[in-house]
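Beneath this line is the structure, given in structure tokens, with notes to follow.
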Amino acid sequence: MNKQVITSEQAPAAIGPYSQAIKVGNTVYLSGQIPLDPATMEVVEGFEAQVCRVFDNLTAVAEAAGGKLQDIVKLNIFLTDLSNFTTVNEIMERYFEKPYPARAAIGVAALPKGVPVEMDGIMVVG
Numbered sequence: 391m392n393k394q395v396i397t398s399e400q401a402p403a404a405i406g407p408y409s410q411a412i413k414v415g416n417t418v419y420l421s422g423q424i425p426l427d428p429a430t431m432e433v434v435e436g437f438e439a440q441v442c443r444v445f446d447n448l449t450a451v452a453e454a455a456g457g458k459l460q461d462i463v464k465l466n467i468f469l470t471d472l473s474n475f476t477t478v479n480e481i482m483e484r485y486f487e488k489p490y491p492a493r494a495a496i497g498v499a500a501l502p503k504g505v506p507v508e509m510d511g512i513m514v515v516g
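Position in the sequence shown (first residue = 1) + 390 = our numbering.
Following this line, the structure appears as structure tokens:
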């Protein structure tokens, strides 16, 4: 198996023993992104800004892998408060065009650094 580590300085550095993404063939496995500003490694303020930051972080890693956000075929969204589901959907429509990726929105008790949202995904590049 030919694994390629994907890294972007435009996304936060990993905060644990993992890679930002791993590419195998034309499939890219994007690690979870939380709303960390890659320049400061601090959590951005405000839920909407946090969701945008997560999508921006995913975009940076997708581009480092030779793709774009629209190439994500499976997106997982982890929320500590499922009442934010509608807000996430509204923001997602700014970042994706139809056809949208397959997706799961999962309520969780807690996320790293106490953030309210994390996303990971699987992307296929040409």
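Glycine included, each C-beta is placed from N, C-alpha and C at the ideal position.
Put residue i into one of helix, strand or coil per three-state DSSP.
i: Asn392; result: coil
i: Leu420; result: strand
i: Lys458; result: coil
i: Glu432; result: coil
i: Ala452; result: helix
i: Lys464; result: strand
i: Glu480; result: helix
i: Val446; result: The residue you asked about is not Val; residue 446 is Asp in the sequence shown. If DSSP states are grouped into helix, strand and coil, Asp446 belongs with the helices.
i: Ala439; result: helix
i: Lys503; result: helix
Buried or exposed, going by whether 16 or more other CB atoms sit within 10 Å of the CB of residue i?
i: Glu508; result: buried
i: Gln394; result: exposed
i: Leu469; result: buried
i: Arg443; result: buried
i: Ala404; result: exposed
i: Asn474; result: buried
Are the CB atoms of residue i and residue j nearer to each other than 8 Å?
i: Met513; j: Gly422; result: no
i: Ile467; j: Ala452; result: no
i: Phe437; j: Tyr485; result: no
Tell me, to the nearest whole angstrom, how far the beta carbon of residue i is from that of residue j; I am working on the premise that it is less than 8 Å.
i: Asn392; j: Val414; result: 7 Å
i: Val418; j: Val515; result: 6 Å
i: Gly406; j: Lys464; result: Not quite, the Cβ-Cβ distance comes to about 22 Å (not below 8 Å), so this is no contact.
At a cut of 8 Å, does the stretch 399-406 reach the stretch 427-446 through at least three beta carbon pairs?
yes
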